[in-house]
Amino acid sequence: MGYTRWSDDAYEYLRDSRSNSGTDDIFANNRLGRADARMLPHGVKFRESRDSDIHPESLAVAVFLDVTGSMGRIPEVLVREKLGTLMNTLIDHGVAHPQILFGGIGDHISDQYPLQVGQFESGTDELDQWLTGLYLEGGGGGQSMESYTLAWLFGARHTSLDCFEKRGQKGFLFTIGDEASWPTLEKKALQDLMGYPEATDLTDRQLLEEVQRSYHVFHIHINEASYKDDPKVLGYWKKLLGERLLILNDYNALAETIAATVAVIHGVELSQVLSSFDAHTAGTVKNALVHVSSALTTTPKPAGAGGLLSRIFKL
37 MGYTRWSDDA YEYLRDSRSN SGTDDIFANN RLGRADARML PHGVKFRESR
87 DSDIHPESLA VAVFLDVTGS MGRIPEVLVR EKLGTLMNTL IDHGVAHPQI
137 LFGGIGDHIS DQYPLQVGQF ESGTDELDQW LTGLYLEGGG GGQSMESYTL
187 AWLFGARHTS LDCFEKRGQK GFLFTIGDEA SWPTLEKKAL QDLMGYPEAT
237 DLTDRQLLEE VQRSYHVFHI HINEASYKDD PKVLGYWKKL LGERLLILND
287 YNALAETIAA TVAVIHGVEL SQVLSSFDAH TAGTVKNALV HVSSALTTTP
337 KPAGAGGLLS RIFKL
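Everything in the sequence shown is counted per our numbering, starting at 37 for the first residue and increasing by one.
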């Protein structure tokens, strides 16, 4: 996928057309009370990020959003205000051909649709189609855990990326939410959800090891509301991801945080990216990326790596 171009004019038109629309008008599947069948993972072999004449060096960026409870407001902010910021910040800072996949995450134990997956896209209408195609189920199990590792499973086993397969360049995978993850995906749940004829239990560490082969993996903890500075939630992610846990104190800066992370790992100075934001957003993003930035400035970059990372974030 990803054979069309981003257009600011098209995005402005979409934004203006929805200025008086409610949440359920934008996310039409909310009214239907079900996920879009095209976004269900059952039986899906691959989601593909491919090079093309207009995108000769595509870069895959997978963004999986928690759609439970209050986290459902974040996809709406992206649709109404920040999709253009995400794309333009990437393009303006050296990522000429981003292809973004939007997905939704819930609770595989209690939700009907714990995983929704779009396609990798570059064009305005296509990106908007999959983002607004999410069903904001609003469930969750109420146990401070969601099934974020389903995104890792899908990325590791059900995506095919030209950036990695042709050029040895990892894609990026972000999960976004305010809770910890269930540490294990049980085989019965995997069979039901994914359509696997056979399966075994999979742990978070197993899946992280798999997905890191082809992706730079980050979790963005939305540090607001019920789980603000929660030691259990933050402790879980810090132990699992270390520097790749990004703590975001204002969800309105999510698009900028994602784009800045990608740009910095591709060798752009963080200060250069931050200079394109307003003061509040720049401060929020800087705080979220403090450990990533520190890792980059204290570890030498390998010669001939095109400014990409070393040790922690190596290809």
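All C-beta atoms in this analysis are idealised placements derived from N, C-alpha and C, irrespective of residue type, glycine included. Predicted model, so just to flag it, every value in this text is computed and none were measured.
The shortest CA-to-CA distance from I283 to any of A295, S307, F254 and V298 is the one to F254. Around the beta carbon of D60, fewer than 16 other beta carbons sit within 10 angstroms, so the residue counts as exposed.
One alpha carbon belongs to D143, the other to E173, and they sit about 10 Å apart. For D240, the secondary structure class from DSSP, reduced to helix, strand or coil, is helix. The beta carbon of G130 lies closer than 8 Å to those of A299, H302, G303 and V304 in the same chain, with the five residues before and after it left out. The straight-line gap separating the alpha-carbon atoms of L126 and L244 is approximately 25 Å. Among the bridge pairs identified by DSSP, Q135 is matched with A96. Restricting attention to Y171, Q165 and H252, the CA atom closest to the CA of K206 is found in H252. Every alpha helix (DSSP H) of 4 residues or more that sits fully in the segment 246-315 is shown, in chain order, as 267-277, 290-301 and 306-310.
Distance from the CA of L197 to the CA of V103, rounded to the nearest whole angstrom, comes to 25 Å.
Taking every protein chain shown into account, the CB of A318 has 16 or more other CB atoms within 10 angstroms, so this residue is buried. At a Cβ-Cβ threshold of 8 Å, M230 and G154 do not count as neighbours. Our two residues, P150 and I141, have alpha carbons roughly 5 Å apart in a direct line. CA-to-CA, the gap between G108 and L95 works out to about 26 Å. DSSP places F210 outside any alpha helix (DSSP H); the residue lies instead in the beta strand (DSSP E), whose first and last residues are G207 to G213. Cα atoms of L221 and D228: separation of roughly 12 Å, rounded to the nearest angstrom.
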